[in-house]
Amino acid sequence: MNKRRPIIAGNWKMFKTKDEALEFIYQVNVQVPDKETVESVIFTPSIFLRDLVKREGENLRVGAQNMHELEEGAYTGEISAPMLKSYGVKYVIVGHSERREYFNETDQSVNKKAIQAIQHEITPIICVGESLTIREEGTTDEYVQKQITKSYAGIARADVLKTVIAYEPIWAIGTGRTATPEQANDTIKMIRKTLASLYDVFTADQVRILYGGSVKPSNIASFLQQSDIDGALVGGASLEPASYLALVQAATE
Ligand code: PGA
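Position 36 of the sequence shown, counting from 1, maps to 36 under our numbering, and the rest follow consecutively.
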């Protein structure tokens with residue numbers, strides 16, 4: 001059992017209607033384990049945030065899937081950190097690979113968003129991960145190292161533990177194909193090494209790093225058993241209450 005408290009983050013992406021979202025929270029709220037044992041967070045479409053944050057219980061948190069990098073401005077359709085904060089939202093995903101691929105997010109914008117989130121006391125889950133081409137070329141470490149270095153530019157040592165990282169190999173997202181637990185652990189160890197060189201070993205050892213990519217109840221234990229993996233960011237398998245609860249349960253064992 002490692003000393004970092006696990007996080008099980010459910011990423012709903014663009015799924016569910018209001019009634020389905022409410023049904024989920026009513027069922028899951030009362031059943032998630034104590035937050036001191038495992039941090040349970042679901043990342044919902046932003047239109048549901050108000051209704052869901054109001055209903056989140058002691059042990060379940062609701063986060064946003066994205067936000068803008070600036071405080072305010074003429075950016076039609078966007079949502080800012082102060083807006084999230086004003087609704088009591090405490091977590092946000094930044095730099096998910098789908099946003100990098102379809103909405104032009106770059107390491108620079110991810111960096112700005114992470115800084116903005118920290119300033120507004122929102123925990124950013126900073127996503128990194130390589131494509132299949134990069135994995136096959138054998139340059140995963142260099143690629144992910146660069147993503148981490150750029151994402152943390154200007155983030156002070158004292159703020160690093162206010163962030164969480166999710167390592168998600170793009171080729172494993174929604175494909176049913178996972179990295180092996182050992183592969184994921186090796187890359188996550190490399191991320192810690194990168195943080196140790198940017199900051200210090202203590203900080204690198206404390207920061208929580210999740211694995212994401214086709215995690216489900218039947219395979220989550222194999223990832224959580226690894227020395228450096230502190231939880232999971234889960235898409236498809238987080239949509240059904242029973243499945244999400246099984247994932248969270250696995251993190252208590
Ligand atoms: P998946 O998605 O669990 O459906 O592979 C993970 C993610 O995109 O965060």
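Backbone N, C-alpha and C define an ideal beta-carbon position, used for all residues, glycine too.
Checklist entry - What does DSSP give as the partner residues of Asn59 in its beta bridges? => result Position 59 of the sequence shown, counting from 1, holds the residue named residue 59. Looking at the DSSP assignment, Asn59 forms no beta bridge with any residue, so it has no partner.
Item to check | For Thr123 and Lys90, believed in contact at Cβ under 8 Å, the rounded distance | outcome: For the purposes of this step, residue 90 is taken as the residue at position 90 of the sequence shown. For the purposes of this step, residue 123 is taken as the residue at position 123 of the sequence shown. That pair is a contact at about 6 Å.
Checklist entry - So is Leu233 buried or exposed if we call it buried at 16+ other beta carbons inside 10 Å? => result Taking the sequence shown and counting its residues from 1, one reaches residue 233 at position 233. Answer is buried; the Cβ neighbour count reaches 16.
Checklist entry - Between the C-alpha atoms of Gly231 and Glu56, what's the straight-line distance to the nearest angstrom? => result As a position in the sequence shown, residue 231 is number 231, starting the count at 1. As a position in the sequence shown, residue 56 is number 56, starting the count at 1. The straight-line gap from Cα to Cα measures roughly 20 Å.
Item to check | Buried or exposed by the 16-neighbour rule on C-beta atoms within 10 Å, applied to Gln147 | outcome: Position 147 of the sequence shown holds residue 147. Burial call: buried.
Item to check | Beta carbon of Ile125 nearer than 8 Å to that of Ile93 | outcome: On the sequence shown, position 125 is the one that residue 125 refers to. On the sequence shown, position 93 is the one that residue 93 refers to. Yes.
Checklist entry - Counting along the chain, where does the beta strand (DSSP E) carrying Asn104 start and finish? => result In the sequence shown, residue 104 corresponds to position 104, counting from 1. Looking at the DSSP string, Asn104 is not in any beta strand (DSSP E), and its letter there is neither H nor E.
Next on the checklist: Comparing C-alpha positions only, which one of Gly88, Val41, Leu70 sits nearest to Ala255?
Outcome noted: The requested residue 255 does not occur in the structure, where the chain is confined to residues 1 to 253.
Checklist entry - For Ser204, which option in Pro217, Val164, Gln183 has the closest C-alpha, if you only look at C-alpha atoms? => result Position 204 of the sequence shown, counted from the start, is the residue given in the question as residue 204. As written in the sequence, residue 204 is Ala, which differs from the Ser given in the question. Looking at the Cα atoms, Val164 is the closest of the given residues.
Checklist entry - CB-CB under 8 Å to Lys189, same chain, minus the five flanking residues each way: which ones, in chain order? => result One-based indexing of the sequence shown puts residue 189 at position 189. Ser227, Asp228, listed in sequence order.
Checklist entry - If you check the beta carbons only, do Ile191 and Glu130 fall under 8 Å apart? => result Taking the first residue of the sequence shown as 1, we reach residue 191 at position 191. Taking the first residue of the sequence shown as 1, we reach residue 130 at position 130. Cβ distance not < 8 Å, so Ile191 and Glu130 don't count as in contact.
Item to check | Whether Ala237 touches Val215 by CB criterion (8 Å) | outcome: Here the question's residue 237 lines up with position 237 in the sequence shown. Here the question's residue 215 lines up with position 215 in the sequence shown. Result yes, Cβ atoms of Ala237 and Val215 sit closer than 8 Å.
Item to check | Distance, Glu101 Cα to Phe24 Cα | outcome: Here the question's residue 24 lines up with position 24 in the sequence shown. Here the question's residue 101 lines up with position 101 in the sequence shown. Using only the alpha carbons, I get a separation of about 29 Å.
Item to check | Reduced DSSP category for Pro82 - H, G, I as helix; E, B as strand; rest coil | outcome: In the sequence shown, residue 82 corresponds to position 82, counting from 1. Helix at Pro82.
Checklist entry - Between the Cα of Val160 and the Cα atoms of Ala184, Leu132, Glu121, which residue gives the shortest distance? => result Counting from one through the sequence shown, the residue named residue 160 turns up at place 160. Per the Cα distances, Glu121.
Item to check | Gly235 - partner residues in DSSP beta bridges | outcome: Against the sequence shown, residue 235 aligns to sequence position 235. DSSP lists no beta-bridge partner residue for Gly235.
Next on the checklist: Here's the rule: buried if 16 or more other CB atoms are within 10 angstroms of the residue's CB, otherwise exposed. What is Gly77?
Outcome noted: In the sequence shown, residue 77 corresponds to position 77, counting from 1. Looking at its Cβ environment, which holds fewer than 16 other Cβ atoms inside 10 Å, Gly77 is exposed.
Checklist entry - Among Val207, Val248, Thr17, which has the Cα closest to the Cα of Leu224? => result Taking the sequence shown and counting its residues from 1, one reaches residue 224 at position 224. Nearest C-alpha to Leu224: Val248.
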